[in-house]
Amino acid sequence: MAEKDKKSVTDYCETKECAAEAPPKPTHMGWKELYLKEDWWAIYLGIGIVVVSLIAFLNGSTVVKSLAINPGGLKWSSIDQLFGHFGSNLHLYVLQFFSWLVIFGVSTRIMGIKTSEFVPSFLFLYVLSIIMFSIGGWVDAPKYNLEPPLVALLTGLLIANVVPLPKWLDSGFRVEYFIKTGIVLLGATFPITLVLSAGPVALFQATVISLVTCLTIYFVATKIFGLDKRLAAVIGTGGAVCGVSGSMAIASAVGAKKEHLYTSVTLVVVWALIMIFFLPFASKALNLNPGIAGAWVGTSEFADAAGFAAASAYGRMAGNENAAIQGFTLMKVIGRDMWIGIWSFIFALIACLKWEKEECGTRPSPMEIWWRFPKFVIGFFVASLFMTAITSGYSTPDFNTVVKPGLIMPIVSLRTWAFIFCFLSIGLTTRFKELKAAGMKPFLAFTIGVLVNVALGFTLSVYVFGNYWMGLGK
Amino acid sequence: MKRLLYSITMLYSCSDCRYFSDDPAEIEDAFPGLNSLSSAYASVRSNAGVCSRHGLFISPRKQCADFEHSTAGLQSRVDIEDSQSSLMPRL
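As given, the protein sequences belong to chains U and X, one line each in that order.
The working numbering applies: residue 4 is where the first sequence begins, and numbers increase by one.
The working numbering applies: residue 40 is where the second sequence begins, and numbers increase by one.
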């Protein structure tokens, strides 16, 4: 070794005293998470919107109601009628655009996303969203199955894969941020009593499905196809727990190769897109109750964003969007998403104690469960508790005539905006030619898991727990 | 001495390493399609990142023999042990 290098070594640390000066072992990102992670921002925005809506409602102000405008409920039958709506409400749409731009723009800037990229991207997204709402508001839209979630997704996919959009536009297409904000807003219209009564069933069904699907993919991948254990774990949790997010969490927990995550991203994205269309139309063909279909989608879709698109689309087809969304939320958000941290910790332990005994480094901490916990779920519960407490003081007639139109519906409309931003963003960020090849063996292992998941999910949702899911949305 | 040096080096982990990056924008660029249904800004990623030395997606709390400090030009564990073994008698 060169003399210079030896010096740097001795400069670094030669004595025990010096050891004490060495930097401490890094832990989690600590408090920084509160402003660097979109989960927390989704909570701040969602709860903030709920509180502002409540204050406006209690003071008799219609400002939030006006700002929550969208053309989705117009039922327009002529273009003149549609343009007339925009002509008379242009000021509200401009104000609404700037409100969204400020709250999303400032928060993404703090997270490190360039404002110069976010602003034009979000403007593009907002204009497209207006078009999607307008299509959904056409009086004949249901006749042609022009459900806004599916239309938004297809439009996004078409644009992303046909028009060469610059990559930097992705800065404004924040799929996860929009869906998490929407989920927190959804909490405000989700009675906590429903969470308490159906939550245990959802947790049980989610536990069964997560275990069976993950173990199926893992054992098929390792025992039948002889694939790497880390790859099997990454695609197993991708298929069983929470899609790409689950894969990402497990990949880092077990120290997977980048190629493993590439594979899982491709498999999840392709299968999730197939399921967004397959599950609603299969449910329609089977004439499923929307609550049951929502639970099935929650059991068998891979990601929250994709699942909300599928559940919302079928709910609208069946005429009870609320039931489908409730079933999906209970199963996916409350049931399956909770598992991410636990799976991460378990696989990190297995990787450390079994797979890499010699070079494990720091032993996994049980704190992994909290660090990787999808924090936006907390916002969902807080919003649900808060609004249930507020609205419980009203009689049913008062709730239906005063609270619902003055407080609940504006929040539902703002939630729908967040969802449409999300559904469009899924399509706009999915460029098929950029996805890496997954390989035949991982594809087959994952596909077998998907088939088991879909069949088991259907059986549990329809035959085993059908009575629970059927009661939703009433 | 060797054990002491080992334990000192092991005070560092991937988060201090020059080969490690947990920048969310870089991660989303590195994994095409990741932002379609997920996000590098999500809590579930925690502060995991990419190790360009070994081509891994790992937790920043991992440690390995190829560690090189991101700022101070500190040496890897192996280099330290090699250099010390030539300077001092083995314990």
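Heads up, the beta-carbon is just placed ideally off N, CA and C, and yes, glycines get one too.
These numbers come from a predicted model, not from an experiment.
Leaving out five residues on either side along the sequence, give the residues of the same chain with a beta carbon under 7 Å from the beta carbon of residue i.
i	result
U/Phe402	Thr394
U/Arg375	Ala252, Ile343, Gly344 and Ser347
X/Asp55	His108 and Ser109
U/Phe461	Trp299
U/Gly229	none
U/Gly476	Pro293, Gly294, Asn323, Asn325, Ala326 and Gln329
U/Tyr471	Ala201 and Val204
U/Gly469	Ile295
U/Phe43	The sequence shown places Trp at residue 43 of chain U, rather than the Phe named in the question. Once the five neighbours on either side are set aside, the close Cβ partners of U/Trp43 are Glu36, Leu37 and Lys378.
Give the interface partners of residue i over in chain U, defined as CB-CB distance under 7 Å, in chain order.
i	result
X/Asp96	Per the sequence shown, residue 96 of chain X should be read as Phe rather than Asp. Within chain U, the residues near X/Phe96 are Ala254, Ser255, Ala259, Lys261 and Leu264.
I want to verify the contact list: residues of chain X whose CB lies under 7 Å from the CB of residue i, in sequence order.
i	result
U/Leu438	Pro71 and Gly72
U/Ser248	Ser77, Ala81 and Val83
U/Val268	Phe70, Gly72 and Leu73
U/Tyr429	What sits at residue 429 of chain U in the sequence shown is Ile, not Tyr. Ordered by position in chain X, the residues that pass the 7 Å Cβ test against U/Ile429 are Ser75 and Leu76.
U/Met443	Ordered by position in chain X, no residue passes the 7 Å Cβ test against U/Met443, which lies about 19 Å from the chain.
Output needed for residue i: all residues of its chain with C-beta closer than 6 Å, excluding positions within five of it in sequence on either side, in chain order.
i	result
U/Lys68	Pro413
U/Leu282	Val300 and Ala313
U/Ile195	Ser387, Leu388 and Thr391
X/Asn86	Asp61 and Pro99
U/Val66	Ala59
U/Glu150	Ala316 and Arg319
U/Val257	Arg233, Ala236, Phe350 and Ala354
X/Arg57	Glu107 and Ser109
U/Leu153	Ala316
U/Ser286	Ala296 and Tyr317
U/Ala191	Val53, Ala386, Met390 and Ile414
Ordered along the chain, which non-local residues of its own chain (more than five positions away) have a Cβ less than 8 Å from that of residue i?
i	result
U/Thr450	Trp274
U/Leu168	Ile162 and Leu431
U/Phe121	Phe107, Gly108, Thr111, Arg112, Ser174 and Gly175
U/Leu157	Gly430
U/Asp340	Val244, Cys245, Asp307, Pro377 and Val380
Going by beta-carbon coordinates alone, are residue i and residue j separated by less than 8 Å?
i	j	result
U/Ser132	U/Ile429	no
U/Leu463	U/Thr302	yes
U/Val53	U/Ala386	yes
U/Gly246	U/Phe305	yes
U/Phe495	U/Gly108	Since the first residue shown for chain U is 4 and the last is 477, residue 495 of chain U is missing from the structure and cannot be characterised.
U/Leu161	U/Ile328	no
U/Lys378	X/Ser82	yes
U/Gly318	U/Lys335	no
U/Thr184	U/Gly75	no
U/Leu459	U/Val215	yes
U/Met202	U/Val453	The residue asked about is misnamed: residue 202 of chain U is Gly in this sequence, not Met. Not a contact, by the Cβ cut-off of 8 Å.
U/Thr433	U/Val272	yes
U/Cys425	U/Phe181	yes
U/Leu70	U/Leu98	yes
If we count the other Cβ atoms within 10 Å of its Cβ and call it buried at 16 or more, is residue i buried or exposed?
i	result
U/Lys40	buried
U/Tyr265	buried
X/Tyr51	buried
U/Arg418	buried
U/Gln84	exposed
U/Glu324	buried
U/Lys436	exposed
U/Asn62	exposed
U/Val142	exposed
X/Ala104	exposed
X/Glu65	exposed
U/Pro145	exposed
U/Thr488	Outside the shown range of chain U (4 to 477) lies residue 488 of chain U, about which nothing can therefore be said.
Which bits of chain X does residue i rub up against, with CB to CB less than 8 Å?
i	result
U/Ala306	Leu76 and Ser77
U/Met32	Ser85 and Asn86
U/Met135	Within chain X, no residue comes near U/Met135; the closest Cβ sits about 18 Å away, beyond 8 Å.
Give the interface partners of residue i over in chain X, defined as CB-CB distance under 9 Å, in chain order.
i	result
U/Thr433	Gly72, Ser75 and Leu76
Report yes if the C-beta of residue i is less than 7 Å from at least one heavy atom of the ligand MN; otherwise report no.
i	result
U/Ile451	Absence of the ligand MN is noted for the structure shown, with no ligands found whatsoever.
Residues in the segment 372–390 of chain U with C-beta within 9 Å of chain X's C-beta atoms, listed in sequence order? Trp374, Arg375, Phe376, Pro377, Lys378 and Phe379
For the segment 165–185 of chain U, which residues have a beta carbon sitting closer than 9 Å to at least one beta carbon of chain X? The segment 165–185 of chain U vs chain X, Cβ under 9 Å: Lys170, Asp173, Ser174, Phe176, Arg177, Val178, Glu179, Tyr180 and Lys183.
Selection of the segment 270–283 of chain U by Cβ proximity to chain X, strictly under 7 Å: Val271, Val272 and Ala275
Taking beta-carbon pairs under 9 Å, can you tell me which members of the segment 111–132 of chain U lie near chain X? If the cut-off is 9 Å between Cβ atoms, the segment 111–132 of chain U has Thr111, Met114, Gly115, Ile116 and Lys117 near chain X.
Taking Cβ-Cβ distances below 8 Å as the criterion, which residues of the segment 35–67 of chain U are in contact with chain X? Glu36, Leu39, Lys40, Glu41, Asp42 and Trp43
Below 7 Å between beta carbons is the criterion; list the residues of the segment 308–327 of chain U that meet it against any residue of chain X, in chain order. Ala308 and Ala309
Where the segment 327–343 of chain U meets chain X: residues whose CB sits under 7 Å from a CB there: Ile343
Going along the chain, which residues of the segment 452–476 of chain U sit with their C-beta nearer than 8 Å to a C-beta in chain X? none
Could you please tell me which residues of the segment 406–425 of chain U, in chain order, have their CB closer than 7 Å to any CB of chain X? none
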